[in-house]
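Student: The listed protein sequences correspond, in order, to chains A and B.
If you use the working numbering, the first sequence corresponds to residues 1 to 954, in order.
If you use the working numbering, the second sequence corresponds to residues 955 to 1129, in order.
For every residue, glycine included, the Cβ atom is placed at its ideal position computed from N, Cα and C.
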Amino acid sequence: MSGFRLADGGRIDRRTKRTFTFDGKARWGYAGDSLASALLAQGQMLFGRSFKYHRPRGILGAGVEEPNALVTVDRGPGRVTPNLRAPSVPIYDGLHATSQNRFPTLKTDLIAVNNVFSAFFPAGFYNKTFMWPRAAWEKVYEPIIRRLAGLGDSPTTRDPDHYDATYAHCETLVVGAGPAGIAAALEAAASGGRVFLIDEQEEIGGGALSDPAQWAWLAEASAKLAALDNVTVLARTTAIGHYHQNFVVAAERLTDHLAVDEAEGPREKLWRIRAGEVVLAMGAIERPLVFEGNDVPGVMLASAAKTFALRYGVAVGRKLIVMAVHDSGWRDALALHKAGVNIAAIVDIRRDVAADLIEGARDARIACYQGYAVTSASGGQAVNGVTIALAGVGKGQKLDCDGVLMAGGWTPTVHLWSHAKGTLRWDEAWGAFLPDKTHENLRCVGACGGDWDFGKGLSIGLLPAPKPLHESKAFVDFQNDVKARDIGLAVQEGFRSIEHIKRYTTNGMATDQGKTSNLNGLQIASGVLHRPVTEIGLTTFRPPYTPQSFGAILGHHKEALFQPLRKTVIDDWAADHGAVYENVAQWRRARYFPQGSEDMDAAVARECRAVRSAVGVFDASTLGKIEVVGPDAAEFLNRMYTNPWKSLEPGRCRYGLLLGEHGFIIDDGVSARLAPDRFHLTTTTGGAARVLNMMEDYLQTEWSDLDVWLTSTTEQWAVIAVQGPKARRVIAPLVEGIDLSPEAFPHMAVREGQICGVETRLFRVSFTGELGFEVNVPAQHGRLVWEAIWAEGQKHGAVAYGTETMHVLRAEKGFIIVGQDTDGTVTPDDAGLGWAVGKKKPDFVGKRSLARPDIVAPGRKQLVGLLTDDPQAVLEEGAQIVADPNQPVPMTMIGHVTSSYHSATLGRSIAMALVAGGRDRMGDTLHIPMPNGTISAKVVAPMFYDAEGSRLNG
Amino acid sequence: MVEIAEIAVSAAELKLGTEPVQGAGVRLSLAEGKVRYSMRARDPKVLEGVLGREVPKRIGGTDAGIACLGPDEWYVVLPDNFDLPRGEGLPVSVVDVSSRALGLVLEGPGALAVLCSGCPLDLAKMGVGRATRTVFETVEVVIWREAEDRWHVEVWRSFATWLWNAFLAAMPDAK
């Protein structure tokens, strides 16, 4: 046992014991303890196994920078969180924590054999070794590596917790509630604006929590903040990222510190804060030193030992040695001594150390070794001594100890500053990057801004040692097991930029994002390359600052509320009539209406036959609709669509084809002219928002001179398609004020009147090839009108049909569906819609592209029909087509099937396909190779039923 | 293969409430039937000529049921049975969108927090009688502050069920 509880001191509540388990064994601590401090107090030095070599590891730091002591906390089914840092886990009664990355137990790890053979696992090992054979990667190497090198286990059940989220606004946001942050918050609050002060720890105070001399001030400042009603103080809240214009996202942990049965309400809350000014007071993180055995449990940061002693009342050992290159190590040693911790010696590579520090150490009877370096630390699962040497290369001298404290200087925490694209400058005195310039209203105060006195020191990272670099096991990145020699190897292999060295060695790429390793890695690379640090470059910090639960990011956006499911006003009726649904964009639409034991094929066949022989009713409400109004409405549409619109008379409809600037079809729909200055457009269901945005974009940026305005009316109108030879008879008794006779109301016409006493825009249009009407009524009356039409239809054998039947019926007529028969590379001519392009029009969107050489070149894929030789064979949509099935593999694919159905009307299968030079292949037989044999099909025109269109006349 | 249990309530099963819901400090209800118009004009005077009344000119301003949402855009929410002239032939656009949206009403001291849970605007600074188009999470809404503690939220019909339930989900935690 090495660690122990000090007789007094710390902010823990010694009257309140907490019991918990670690790796299944009962443990205890005091209220206010972290998992790390409670376990250290009981002498636990071993906390985890390293990622790659499974080396035993202990605590390095006392905060979120901790790279080694990753634990899994189990709060019951579905509430298992891996990769939590033991120093940041508060203990509570009933906490169950387990160590990670050990097999089978922490003390006896069989995979630690990797460590013995670590010379065979250098940087880039995985990339080099497991490249071949390619197929073995997925099946052999990756699963094994994952098994060996996993970081905790993924959850396997649904998360039963819920998470809150909100936006918040303030004039000043202060990130980090140490002395500098608290001072900034109090100052900002005095000006009267809204102030947020957030801090990731269990309580505010930051570094002051480890300095009893500041506790009185801290209590007073906390009370002052609590009394101000314009200040919101959030502890246990991590600012995970800074985004444009001072948008800071922070996650507040609400219940994870409570016993499971005391936890109520949301587990976490996501704060999305927009701030006038952001003040970063994130402090600095102490840097480890790089020497042989610097990862043996018991070797830790001096600042961590100080925090454990002064904040938690825990000595991390009974005989400690400080290895310092910085004054702060001396100061911490003296503070620890004062708290009753035995510091046996201070070793400092520097010969010159401030006299007051030396004097202080002498008074405390601490041996001082100036000009010395620790050349190695010994011990397996706990450190038992160090070897020191003059200048690191002199004669080795052994010192016994059960803990080594490293004081390698300080790295300001500039993560959020970097998220905000703030620039950094190298500061020699700090041996670190400090904030420089930013374009945000953002500033750094305290240590993270370089404004804090930790004393003087060297920034050398790698300590001098007698062993050559390539033989040493001196760790730089503890979590990713990157050694100093791996960085040397990367340089040796030709990597020069830190961005490349980082990726080759994985230095700084673990879950701690290199909080303790980045600068040491950079300095070692600089040393090996003999170039200044500023020339090696700097890696970029990206959000999140610390690992973040998905739960908080989702907030209420999960399960039923994951995203809106849009339903039409007729959806409930469809549900009552047994509809099977499919999702189209965000809408759910009735796909078919099975009766009795019908499967989809049977239901669709019945629905198709009914529409062709009698009448069918279809909910087309999801069609996108745009009302285009203004004196320039026709001019505008003329410029947007490929076909002419100016000549369209009020009361008539036209099929419109919309291209992008690239000349490819992006949408289509039938639109009507209601008045000289008013059009009713329709778009595809999925294209509604996109088309409106595109049109609005053109209107605002290209043709702002036009007097025309666009209004989305998709949701204003419920649309009931009544299709089939008896369609007129079904609606006739319900319609008022409209002459339905073929002479007065021809195909592709629109009339306004009333149906069931409700205003209607009645279209005579057909997407089935049958006589058809589309009844538009205000959505609030949609259900009523639908039911009236349905009731009337029952007298004529009407069926309700869904999208699947709609697809079959339109395919029988060769009508395309944009996005199914087109894929963003199909021109009007490719689709056989050349007739819809106004040849005489001076311009329209996409016109110029239609003359591009590759668009007019022969051999483009063209839409054709396919009839399989076996009339019952239904091709698979997406299947590839070849001209010669006997050619060697890989075959030349000349196209693919876009639409394919069994047609009940025709008693056989039909298909549409995009085929290279398709219209020149009419009558040819093509082949569709499938897993169970090749299917042959004849190329025909994409028109399978009533080519002359006589059925439109009913 | 990890088997994840079915969710207890699916998106398809969500219902739009018909009765008001009273939470701690906040009440959610559906607004009465309304007439809605979207009006557009380059020159507000032309629109005023068509309507025979003034329209608010400042973006975000409202006046007797007319909200100015943009430099050339007004949104009208009125009690039932108003029919506005369409201004045929004039450089204006008046479109009846009565059925397009539903109105949800949040009332009470907790209403602001419910709205802030998903709306990125600084609504605390929005004056009474102001209206704006914005989003609640991913859904477009028009928020109208009718009184200090009464907010009228216009949302397209098919998104109303989601929004109603998103408000319900936020109500217990909003403080």
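Tell me the rounded alpha-carbon separation between A:M282 and A:G43.
Tutor: Distance between the alpha carbons of A:M282 and A:G43: 31 Å.
Student: Using DSSP bridges, identify the partner residues of A:N101.
Tutor: Note: A:N101 sits in no beta bridge, so no partner.
Student: Name the residue from A:W426, A:F944 and A:A749 whose alpha carbon lies nearest to the alpha carbon of A:L648.
Tutor: The residue with the shortest Cα to Cα distance from A:L648 is A:A749.
Student: For chain A, find out if any of its Cβ atoms is closer than 8 Å to the Cβ of B:C1022; answer yes or no.
Tutor: Not one chain A Cβ lies under 8 Å of B:C1022.
Student: With a cut-off of 8 Å, does the C-beta of A:E715 fall near any C-beta of chain B?
Tutor: Output row for A:E715: interface = yes.
Student: Hey, A:S210 and A:R311: beta-carbon distance below 8 Å or not?
Tutor: Yes, Cβ-Cβ distance for A:S210 and A:R311 is below 8 Å.
Student: Who are A:A315's beta bridge partners in DSSP?
Tutor: Beta-bridge pairing links A:A315 to A:F4.
Student: For A:F562, which residues in chain B fall below 8 Å Cβ to Cβ?
Tutor: Within chain B, the residues near A:F562 are A965.
Student: Bridge partners of B:E1027, per DSSP?
Tutor: In DSSP, B:E1027 forms a bridge with B:R994 and B:G1024.
Student: Would A:H927 pass as a contact of A:V882 if the rule is Cβ separation under 8 Å?
Tutor: Closer than 8 Å, so yes.
Student: Closest Cβ-Cβ distance between B:S983 and chain A: below 8 Å?
Tutor: False, the Cβ-Cβ gap to chain A never drops below 8 Å.
Student: Does at least one heavy atom of the ligand FAD sit under 7 Å from the Cβ of A:M893?
Tutor: Because no ligand of any kind appears in the structure shown, any question about the ligand FAD cannot be addressed here.
Student: Taking all protein chains shown into account, decide if A:V856 is buried (16 or more other Cβ within 10 angstroms of its Cβ) or exposed.
Tutor: A:V856 is exposed by the Cβ-count criterion.
Student: Does any residue of chain B have a CB that is nearer than 8 Å to the CB of A:T760?
Tutor: It does not; no Cβ of chain B falls within 8 Å.
Student: Start and end of the alpha helix (DSSP H) containing A:E220?
Tutor: Per DSSP, A:E220 belongs to the alpha helix (DSSP H) from W215 to A227.
Student: Identify every run of the alpha helix (DSSP H) within the segment 467–543 of chain A, keeping only runs that are complete inside it and at least 4 residues long; order them along the chain.
Tutor: Whole alpha helix (DSSP H) segments, 4+ residues: 484–492, 498–505, 518–529 and 533–536.
Student: Okay, do the segment 511–522 of chain A and the segment 307–324 of chain A touch, 3+ Cβ pairs below 8 Å being the bar?
Tutor: The segment 511–522 of chain A vs the segment 307–324 of chain A: no contact.
Student: If we ignore side chains and look at the alpha-carbon of each, how far apart do B:V1048 and A:E598 end up?
Tutor: For B:V1048 and A:E598, the distance between alpha carbons rounds to 48 Å.
Student: Would you kindly work out how many angstroms separate the C-alpha atoms of A:A560 and B:L1023, rounded to a whole number?
Tutor: Computed Cα separation, rounded: 32 Å.
Student: On the CB-based measure, 16 or more other CB atoms within 10 Å of its CB, does A:M1 come out buried or exposed?
Tutor: Because the pLDDT at A:M1 is just 45, under 50, the model does not fix this residue reliably, and the value given afterwards should be weighed accordingly. Label assigned to A:M1: exposed.
Student: Under three-state DSSP, which class holds A:P412?
Tutor: In this structure, A:P412 counts as strand in the three-state DSSP scheme.
Student: How should A:H242 be labelled, buried or exposed, when 16 other C-beta atoms within 10 angstroms of its C-beta is the threshold for buried?
Tutor: Under this definition A:H242 is a buried residue.
Student: Judging by CA-CA distance, which residue of B:L1044, B:L1005, B:A1067 and B:R1012 is the nearest neighbour of B:D1037?
Tutor: Comparing Cα-Cα distances from B:D1037 to each of B:L1044, B:L1005, B:A1067 and B:R1012, the minimum goes to B:L1005.
Student: If I follow the unbroken beta strand (DSSP E) through A:M891, where does it start and stop?
Tutor: Segment: none, A:M891 is in no beta strand (DSSP E) and carries neither H nor E.
Student: With B:A1065 and B:D1034 assumed to form a contact (beta carbons below 8 Å), what rounded beta-carbon distance in angstroms separates them?
Tutor: About 25 Å separates the two Cβ atoms, so there is no contact after all.
Student: Is any beta-carbon of chain A found at less than 8 Å from that of B:N1119?
Tutor: Yes, B:N1119 counts as interfacial toward chain A.
Student: Going by C-alpha distance, which of A:S900, A:A284 and A:E743 is nearest A:H807?
Tutor: For the residues A:S900, A:A284 and A:E743, the minimum Cα distance to A:H807 belongs to A:S900.
Student: Short check: CB of A:A407 to CB of A:D352, under 8 Å?
Tutor: No, they are not a contact pair.
Student: Does A:H169 get closer than 8 Å to chain B when you measure Cβ to Cβ?
Tutor: By this cut-off, A:H169 is an interface position.
Student: Could you give the distance in angstroms between the alpha-carbon of A:G152 and the alpha-carbon of A:T166?
Tutor: Cα-Cα distance, rounded: 30 Å.
Student: Could you check the C-alpha separation between A:I816 and A:Q862 for me, to the nearest Å?
Tutor: Taking the straight line joining both Cα atoms gives about 12 Å.
Student: Return the first residue and the last residue of the alpha helix (DSSP H) that B:N1119 is part of.
Tutor: Segment R1111 to A1124, the alpha helix (DSSP H) holding B:N1119.
Student: Quick check on this structure: which residue in A:A250, A:L289, A:E877 and A:A447 has the alpha carbon closest to the alpha carbon of A:I553?
Tutor: Among A:A250, A:L289, A:E877 and A:A447, the Cα nearest to that of A:I553 belongs to A:A250.
Student: To be precise: take each residue of the segment 1045–1065 of chain B, compare its Cβ to all Cβ atoms of chain A, and keep it if any distance is under 8 Å. Which residues remain?
Tutor: Residues passing the 8 Å Cβ filter: P1045, V1046, S1047, V1048, V1049, D1050, V1051, S1052, S1053, R1054 and A1055.
Student: May I have a chain-ordered list of the beta strand (DSSP E) segments no shorter than 3 residues that lie completely inside the segment 343–381 of chain A?
Tutor: The qualifying runs are 343–348, 367–370 and 372–379.
Student: Which residues in the same chain as A:G32 place their Cβ atom closer than 6 Å to its Cβ, once the five residues preceding and following it in sequence are excluded?
Tutor: Around A:G32: R11, I12 and D13.
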